[in-house]
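What follows is a set of notes on a single structure, which appears directly below.
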Amino acid sequence: MKEFKDRHIGPAAGDVALMLEKTGVSSLDELVSQAVPDNIRLKEDLKLSPAISEQEYLERIRRIASKNKVFKTYIGMGYYNTFSPPVIIRNVLENPVWYTSYTPYQSEISQGRLEALLNFQTMVAELTGMELANASLLDEATAAAEAMIMMFNTRSRSQVKSGVDTCLVDSRMWPQTRAVLETRSKPLGINLQYADAGKEKYDPDKHFGMIVQYPDANGEIRDFRSIAEEVHRQGGKIAVATDLLALTLLIPPGEWGADIVFGSSQRFGVPLYYGGPHAAFFAAKNEYKRHLPGRIIGVSKDVTGRPALRMALQTREQHIKRERATSNICTAQALLAIMAGFYGVWHGPDGLRDIALKIHTFTVKLKNALESKGFVSLNDTFFDTLRIKLPEEVSAANLKEKLLAKEINIRYFEDDPLVVGISLDETTSESDVQELADIFLGMVDGNNLNIEDFEGGCLIPDSLRRSSGYMEQEVFRHYRSETEMMRYIKRLERKDVSLAHSMISLGSCTMKLNAASEMATLTWPEFTSIHPFAPVDQALGYHLMMNELRSDLAEITGLADVTLQPNSGAAGEYTGLMVIRAYHQSRNEGHRNVALIPSSAHGTNPASAVMAGMKVVVVQCDERGNIDVQDLAEKAEKYSDELACMMVTYPSTHGVFEASICEICDIIHKHGGQVYMDGANLNAQVGITSPGTIGADVCHLNLHKTFAIPHGGGGPGVGPIAVASHLVEFLPGHNVIDNMRKGISAVSAAPWGSAGILPITYGYIKMMGADGLTYATKIAILNANYVACELKNDFGVLYSGEQGRVGHELILECRKLKASTGISEIDIAKRLMDFGYHAPTVSFPVHGTLMVEPTESESKEELDRFVEALKTIFSEIKEIEAGTADREDNVLKNAPHPDYVVVSDSWEHPYGREKAAFPLQWVKENKFWPAVARVDDAWGDRNLVCTCDAFSLWNE
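Take a look at the structure:
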């Protein structure tokens, strides 16, 4: 049986030999020695457990899963059991076309995901009563922080001038939300004032906005209409945390004056996953559309006038705005938002309301049963949550013991041991309610009551009940049979390119294999059905796996310890900088706030630095794309007393192992700063060098890049950070889980971030082993240099190292071609779609170029096809240059060519249909058709529509 590394790595041994010959070296080690400076090479092999087979891994992870205890959980707090429709699990979550696709920046080959996300946006806007929603954020707590920052950034001029800096926050917010608000507010100079909504007068000379929760953390539904009116009368804004399912019964916040509405869509068919990944939602009034964080899917048209979708307004806004960015949401939660959107399509408005009514009815029955025996409900109003005061004769400790004996979790309040919380959910049955009643009432007189004897009508006051319609669009009313739903999902799936179709060569994005064996646990109840605030002893399997994973990641990075809490790469950047900030403050050097960042850095770097309260100073690069060491030294000297850190990507964003990296780190340390290494390119380091060896103090890891978690169409991402020993004490804790370290406050809602997908990385490391991981790195470098050798004489490779080698990625020069022919890098990217390929990274990090990263998972055969496609495109450009093809009406300017364009009766182009659609023989044999022709992005931004009301592809 072959080892797993032979399944993961694309080129076979014989192909490796041919590729080495083409590259001009005799061995992988010779190539690596030319690409990677000797002074940073590891002296010893990684100390990891030996590689195991796929069968051994599945047996091992099954044993680990068995250590998790799946209890019936009524804890609530923003996390609920839900029934995930099998039609969505089978056709989306377990379908590589959906989970291996990339963020839909290339809209013509992403129409399926874009439509699914538009459904999500529409559903959110409809349920919240708002005009505009985005395509998801990371989790509810970080969405709250984005709402706070958005209100802060949109203060009136008079408030900015007078220094108004306080956000009034409802004290009945989820505790995890409060923790993240506190984390994110401090570096921005925002003050938080907690108060029961309505008891503290909103003061425009003090407050710039207000955040409330509806229903609140106690489960109560409060009427905020008068409060919203007062806030608006004073010129302020109000943001509302809410529950989408509850809004099928409650007056939506948009109808009583909310400016921003946010929350989690987890209970719309997405498993608990011990805290994540889950998609947050974020909606706002239309007037704030240019301030909305994250990604927005908008309706536009293609060049033929056909309806088409694309990402609108904020597309990669942090890359464009850099240190002027108002948000740093590079990773959303697209796959989970897509699942939630399909849940809405599957159930429709009536189905969602029926689910909500069932939950509420059971909650009413339980309330009435408990109150009949002396238990007191502290909630005057509620949707699914009861806050119960126990009778004097009932001990909370004894109650907890009896509940645990029946494998039941509820919520306990540390500030009042006589009060407990019970939150019911979609999976709660009448027998479950009966069991709860039996246990509670058995504590009083031992006599059981029949829950069927108690009324269960709606106790939501008429003044708070929803009367308006929602989700009346055809897409939410059509797909009720599984046959039709399956076909709808399949129809959208066929419009998207993914790794199931071809190589996705995006530089810096590392679109490698996401092996089926690594994904196996995504539907196992032992991993899907654990509440993040369940007692830790019920999640021993999770913790065994996570502790091993932290240890392995620490070994791989050469650093001391790891936190798994950040739930995206951008969140990992932010966390690392906050750790550095806390370190300086602990040494009474809180004045250190300057971050040196190379001009070539990822756009998330300066955005993260600003969000962490730092001042960005740009360090220049030389003509070879390397950091200008002299400029760095001069700026480090100039800001020596203020220097907090340098953010550096290694290999560089230009795809090169810079020989001066150790000198760079030494300069920063000499001036009292810390070195933050962006781990986006760690795929070129594993087993060969490491952040610790190079001299970094902090490194974030994109598990969705180097460590095999799929991109999911734009999320989930996971961005843990590894730190040197002197920074370990500052790693984030969590206010709900009291046994976590006390470092900086929480950076995500869940204590261990997106724990549910960590088994993917765990499996990848265990099955690859030290040798496999190291070999993968070498092959990634080989694949990149093979492609560079094949294409350098045509396009030209922009940057290379001292010995003429690239790292694991390369930048193709396209600017000269544009100057001579008018063909841009965008045209090349669009033309690649006609060959069935997703474009490389366009115009980043250098405008007018394409950045290619083949990864180790692609075979020589696939690399050769990709090279042949680009060489064919190059010859088409040369035809324009030679005058044998029209400068304006050509296959590149008109690309891509969807089927309805190719078969049109009105074909008037000077080139043939076959050249347009089937430029090579292998394209004919396995054609992927772009769903639409080139999309008009500017038209869509000028005529912004971000719900499916004006989009009717499902009716065609």
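Residue numbers (this note's numbering): 65 to 1020.
Don't be surprised by glycine CBs; every beta carbon is placed ideally from N, CA and C.
Rounded to the nearest whole angstrom, the C-alpha separation of ASP969 and CYS1010 is 33 Å. CYS231 sits buried, since 16 or more C-beta atoms from the chains shown fall within 10 Å of its C-beta. By the CB criterion at 7 Å, MET194 and VAL325 fall inside the cutoff. A contact is defined here as three or more CB-CB pairs under 8 Å, and the stretch 179-197 fails this definition with respect to the stretch 222-240. Distances from the CA of GLU471 to each of VAL134, GLY633, LEU463, GLY779 were compared; the closest alpha carbon is that of VAL134. Residue pairing for GLY176: DSSP places it in no beta bridge. Taken through DSSP and simplified to helix, strand or coil, LYS806 comes out as coil. Boundaries for ALA813: no beta strand (DSSP E) harbours it, and the DSSP string shows neither H nor E there.
Cβ-Cβ separation between ASP953 and LYS365: approximately 20 Å, too far for a contact (criterion under 8 Å). Residue pairing by DSSP places ASP502 opposite no residue, since no beta bridge is assigned to it.
Taking every protein chain shown into account, the CB of CYS1012 has 16 or more other CB atoms within 10 angstroms, so this residue is buried. Here ARG354 is exposed, its C-beta having fewer than 16 other C-beta atoms within 10 Å.
Beta bridge pairing from DSSP links MET741 with VAL712, CYS763. A distance below 7 Å between beta-carbons, with the five flanking residues on each side excluded, links VAL161 to the following residues of its chain, in chain order: GLU557, ASP560, SER562, ALA564. Counting only runs of 4+ residues, the alpha helix (DSSP H) found wholly inside the stretch 274-324 occupies 289-297, in chain order. A straight-line Cα-Cα distance of about 8 Å links TYR552 and TYR543. The distance from the Cβ of LEU110 to that of GLY807 is about 27 Å, inconsistent with a contact at the 8 Å cut-off. ARG417 carries a helical assignment under DSSP once its states are collapsed to helix, strand and coil.
Non-local beta-carbon contacts of ILE402 in its own chain, meaning distances under 6 Å to residues more than five positions away in sequence, involve ALA180 in chain order. Using a Cβ distance threshold of 7 Å, GLY605 and LYS136 do not count as a contacting pair. Beta bridge pairing from DSSP links VAL906 with LEU914. Your pair GLY227 and GLU926 does not check out as a contact, with CB atoms roughly 58 Å apart and the cut at 8 Å. For TYR121 and PHE591, the gap between their C-alpha atoms comes out near 16 Å. The shortest CA-to-CA distance from SER921 to any of ASP480, TYR839, ALA259 is the one to TYR839. With 16 or more neighbouring CB atoms inside 10 Å of its own CB, THR241 falls in the buried class. Beta-bridge analysis with DSSP links LYS453 to VAL440, VAL483. In its chain, beyond the 5 residues on either side, ASP953, ASN958 have a beta carbon closer than 7 Å to the beta carbon of HIS973. The three-state reading of DSSP puts PHE345 in strand, counting E and B together. Comparing alpha-carbon positions, the option among PHE346, SER148, THR368 lying closest to THR491 turns out to be SER148. Cβ-Cβ distances below 8 Å link ASN578 to PRO160, TYR163, THR164, LEU563, ALA772, ILE773, PRO774, ILE824 in the same chain, with the five nearest sequence neighbours on each side left out; the list follows chain order.
When DSSP states are grouped into helix, strand and coil, LEU112 belongs to the coil group. In the structure shown, THR87 adopts helical secondary structure according to DSSP, grouped into three states.
Under the Cβ criterion (8 Å, minimum of three pairs), the stretch 756-768 counts as touching the stretch 612-630. For the 7 Å CB-CB criterion, TYR901 and PHE794 do not form a contact.
Restricting attention to ILE423, PHE68, VAL626, LEU416, the CA atom closest to the CA of LEU791 is found in VAL626.
Counting along the chain, ASN512 sits inside no beta strand (DSSP E), nor does DSSP assign it H or E at all.
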